[in-house]
Amino acid sequence: MPGLGLSLRSCGRTAISQAVKGGGAVPATAPPRVRKWLSREGGGSARLTRPAALGGGASGSGAVCAMPTSFTVVPVEAQGEERGPAERDGQLQEEEDEDDERDRGTGDGIARESSPFINSAELDRGNTYEGKNMALFEEEMDSNPMVSSLLNKLANYTNLTQGVVEHEADEDNKRKEVKGPRMGTFIGVYLPCLQNILGVILFLRLTWIVGTAGVLESFIIVFMCCACTMLTAISMSAIATNGVVPGPEFGGAVGLCFYLGTTFAGAMYILGTIEILLTYISPSAAIFKAEEVGEETEAMLNNMRVYGTCIIILMAIVVFVGVKYVNKLALVFLACVILSIIAIYAGVIKTAFDPPDFPICLLGNRTLSKRNFDVCAKFTESNNETKTTPLWRLFCDSSLLNATCDDYFRLNNVTEIQGIPGIMSGVLTDNLWSTYSEKGSIVEKKDQPSIAGSEETKMGGLPYVFTDIMTYFTMLVGIYFPSVTGIMAGSNRSGDLKDAQKSIPTGTILAISTTSFIYLSCIVLFGACIEGVILRDKFGEAVNGNLVVGTLAWPSPWVIVIGSFFSTCGAGLQSLTGAPRLLQAIARDGIVPFIQIFGHGKANGEPTWALLLTAGICEIGILIASLDSVAPILSMFFLMCYMFVNLACAVQTLLRTPNWRPRFKYYHWTLSFLGMSLCLALMFICSWYYALIAMLIAGCIYKYIEYRGAEKEWGDGIRGLSLNAARYALLRVEDGPPHTKNWRPQLLVLLNLDNEQLVKHPRLLSFTSQLKAGKGLTIVGSVLQGIYLDKCTETHKAEENVKALMGVEKTKGFCQIVVSPNFRDGISYLIQSAGLGGMKHNTVLMAWPQSWKQTENRFSWKNFVDTVRETTAAQQALLVAKNIDLFPTNQERFTEGNIDVWWIVHDGGMLMLLPFLLRQHKVWRKCKMRIFTVAQMDDNSIQMKKDLQMFLYHLRLNAQVEVVEMFENDISAFTYEKTLMMEQRSQMLKQMQLSKNEREREAQLIHDRNTASHSAPAVEASVAVAVPEKVQMTWTKEKFAAEKHKTKDSNVSGFKDVFNMKPNQSNVRRMHTAVKLNGVVLNKSQHAQLVLLNMPGPPKNRKGDENYMEFLEVLTEGLDRVLLVRGSGREVITIYS
């Protein structure tokens, strides 16, 4: 609690003294100097104890300041003599000075960092972890606070803590007093959800959907959509009860899908508003009129575009100027919706005993539009005279009785039936089944008698009721789904709720239940009360241009018309108010960097830029102009958003994420999974191509966020999914070694670092990325010499440098830095332990040690040879890049040249595989592959070439083949001389090393004796006299002279032996092979871009290690780029596919 222990200083010493004497409460966080003074107050020491039941104020008559938590001061036995008041005050002043001194810094002279967990409001606070109980942890207190102080802060809990650092940051940012939330479930969640869910589709399209799809299929449509939102609401409830709700955004792709859905919903509401205005309220207000027959639809769309653009501009200005008035009018708009629905139910009840009079005119079984005539008859009798009606004149060429009329008009009678026969009429059975139709077909009554005429005359100009679009089940789902959206209205207001974790689940699920009941009951009631041809008449042309649902309403159709007009207008305003704030929240969240500009707004926080973008996107929907075309678009975005919500919940549960602990007890992962599946199914049911486009947009947003490295809400879920998949795959991979046809080099790249922890040979990583092309496993390892505790900082620096270089060189893999007392052991650790489970390396790549001949670098060749031996022992392949700094970068391109493979011995076929992998990369793509093999004296070189060509053909490798003959001849004097020089050099180095070791051993002996004499037992301190100690030196002048002559003599004799020695015959043979093979390779491959060569193994006798380095040096002399390859012994290439 922020105020705990804040007011001790202000209370005054007297007040505290009275509180203690009176048994009052004193906080445990009192500064130590006050506690020390309290220990002497009242003639004895005091012990502060916390009661079991917390709470309660200060007790006792002497307590002046009320403390937030009760602490009882219990007197214990006096441990010292009583002091007088003056002495006591003086003692207290001294201790205060000491404590002030101690408060200014810790004992090591380092100023203590402030922490929000320790009451920072008290400037001169005491050391909260003073005392010996927690001394063990005091050095870590700044980063790891005491549990007690953490719990104090969590008591006034405002946001979830992810850890110490985040908690401190939150506390620093939230010093301002938070305004107390006010709204409960009904006002805060239920009513906003109700207002957002009930809307334009209910009034303008639901009757038409019922008439077209029939009651049964409409019921299925509504049930599927309501089930989808209910399952999503359950998932949302799980999110809401899994901690404090973060706000309106649920992640990058989800948030933007929700934003786009809300924006297009605004466009749909505006189009609905204009449709009500121009079709039912004031048809004469239309700017564009249909000049010819069949142009009515196009004229209406143009009217929509003009009026829609004007209304968007007007609404944007209203939102910009006075958003608070929009929020105040929300309840008025909701009242309009509720009154309209009550009017529908009242009208249904009235039809049971007094159906309204809305006659429909039928010609045969065809419905007639009553916009251009009022009498439903061909002719009338007046004063015994038969007169033709306006209807006659619409079908015939004159008003005369003998006029030429339309064939169908002549053959069929005109009848009039009631449009609203009432709930008791039994019309429900006629409306149970679907009546889908093509665009431009006439709305017909099924069971009405009809005689078909010759259809030669054009029906375009005749007053029939036509369908304006082709109808089918899946299209109706797309048009209807927006009427169930709006379920997130409650969670968007989570910051204003008293208890978001309780209100959001209850309010949202209640709102969905209510609206689902309204929709499902309306479907049945519409089907039971209204004639089928009226239901299928989208714009009410057969009932004098009335709104179809209005004809059912009581007391008047105008209740529905006016109510729906205001509710759609208000819903459009709400969308234009909410969508920019949603975009602003996503922009300020920083998850989608390119929209961060929309996070800015006016000084009062109103999102100006976001409003402009929202109005722009809304205008796209207006230009589409058709309500039936816009509805499926926003259905896609809402379905995508709901699908992500369900997916996230299901994934979190299946992964058993420790932080996923929703309190909502009716949640189960199967419900989320079912909701996700239903959302996906509905997307493809509505429109498969819209679904693919929406998924592509969401996928692009997700990949963009991933590319920019943002880590937001859904990142954890996806990361958890990746970890689970990786774990599963690793366990499967470990079952056994991969088949030969699946083998690829999984590299462990050994890098050398300089003193600044920078990579010495960056080209090694370039070569790695060229070889791997992002496929398979790459582990980049390096060794730092020393102790990890001392080298911790250097390790992190080295890791950052290596990762940065890996990014530059586009090497996809992992970095592993090992600290070891010596370099040799570190490499051994890497070779043994790098990787995890089945994802281990099978190949080691390293650079040739260029400076192995330098005397100060005598260990480099030993480390190298030991690495060669260890890779062999571990059954791993080894690649050694010689002259690595001459290798190409990733930006270079070889336009010509060869990659030459010298296949001397077969150790698994890796030599053939490597050039093939390299040539997949752009650097080496244009190089040709040549394979050379060596024929001995008794080999048939022609047959060898044929066999090799056949082998490569089966391997599906395209390469030139050449067999080089190496005839046995005498060992040349050059080879003999080179071997002799090599052995003499090796012997001399050993002599020098030996003499150096002897000198080091003697110096160590002196040091040890000197140390021993210092640690001899001393004489008793009481009788001891300070006498300088004498050290017995064993290295006398005579001994030094004798040793000098001795060493000199031994060295001279040793060097004489070196110059008189003869070379070892085994070494001569090896040198002969190296020289001979080098000559052959130089002859053929001196100008090759890369030479791959079998790497001979090190000698079994370790005494010849240095000679081994010399052999390899001779073997590769004169070549620019060489890759020495030593296979693991197992086959890595196969002729089988």
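Note that the numbering used here has the sequence shown beginning at 67, numbered continuously upward.
C-beta atoms are modelled at their ideal positions from N, C-alpha and C, and glycine is treated no differently.
When beta bridges are read from the DSSP output, LEU902 appears opposite MET905.
In the DSSP annotation of this structure, the continuous segment of the alpha helix (DSSP H) that includes ARG602 starts and ends at 598-602. In this structure ASN821 is exposed. Its beta-carbon is surrounded by fewer than 16 other beta-carbon atoms within 10 angstroms. Comparing C-alpha distances from CYS259 to each of ARG459, ASN369, THR574 shows the shortest one belongs to THR574. Distances from the CA of ASN908 to each of THR495, ILE336, GLY430, GLY1193 were compared; the closest alpha carbon is that of GLY1193. Per DSSP, the continuous alpha helix (DSSP H) segment holding THR417 begins and ends at 389-417. For the pair ASN956 and LYS876, the CB atoms are nearer than the 8 angstroms cut-off. Between the alpha carbons of GLN836 and LEU1185 lies a distance of about 21 angstroms. In the three-state DSSP reduction, LEU1158 falls in the strand class (E or B). Contact between ILE950 and HIS827 holds: their C-beta atoms lie close to 5 angstroms from each other, under 8 angstroms. Taking 8 angstroms as the upper bound for CB-CB distance, VAL276 and ASN438 are not in contact here, some 27 angstroms apart.
By the Cβ neighbour-count rule, TRP754 is exposed, with fewer than 16 other Cβ atoms within 10 Å of its own. Rounded to whole angstroms, the Cβ separation of LEU642 and VAL385 is 5 angstroms, and the two are in contact under 8 angstroms. Remark: C-beta atoms of ALA331 and THR551 approach each other more closely than 8 angstroms. Between CYS471 and TRP458, the alpha-carbon positions lie close to 8 angstroms from each other. DSSP lists GLY847, MET912 as the bridge partner or partners of LEU816. DSSP, read as helix, strand or coil, puts THR339 in helix. Rounded to whole angstroms, the separation of the alpha carbons of ARG271 and GLU772 is 41 angstroms. Here GLN1026 is bridged, per DSSP, to ARG996. According to the DSSP assignment, ASP856 belongs to the alpha helix (DSSP H) that extends over 854-874.
In the same chain as LYS988, and ignoring 5 residues on each side of it, the C-beta atoms closer than 7 angstroms to its own belong to ARG959, in chain order. Secondary structure note for VAL276: its alpha helix (DSSP H) is the uninterrupted segment 272-306. Contact check between the stretch 715-726 and the stretch 674-683: fewer than three CB pairs, one atom from each, fall below 8 angstroms, which does not count as touching.
If you check the CB distance, LYS511 and THR433 come in under 8 angstroms. Judged by beta-carbon spacing, PRO548 lies within the 8 angstroms limit of LEU700, meaning their Cβ atoms are closer than that value.
When secondary structure is reduced to three states using DSSP, VAL946 falls in the strand class. Inter-residue distance for ALA299 and ARG729 is about 14 angstroms (C-alpha atoms, whole angstroms). ASN308 is the residue among LEU1143, GLN650, ILE1008, ASN308 whose C-alpha sits nearest the C-alpha of PRO724. ALA319 and ARG602 have their C-alpha atoms some 38 angstroms from each other. A distance below 6 angstroms between beta-carbons, with the five flanking residues on each side excluded, links PHE880 to the following residues of its chain, in chain order: ILE845. The DSSP assignment places complete alpha helix (DSSP H) segments of no fewer than 4 residues inside the stretch 471-543 at 473-477, in order along the chain.
Restricted to the stretch 552-603, the alpha helix (DSSP H) segments that are unbroken, complete and at least 4 residues in length are 555-558, 566-595, 598-602, listed in chain order. A distance below 8 angstroms separates the beta carbons of CYS707 and PHE324. Residue burial is scored here from C-beta neighbours: GLU607 has at least 16 other C-beta atoms within 10 angstroms and is therefore classed as buried. By the neighbour-count criterion, in which 16 or more other beta carbons inside 10 Å mark a residue as buried, HIS1138 falls on the buried side.
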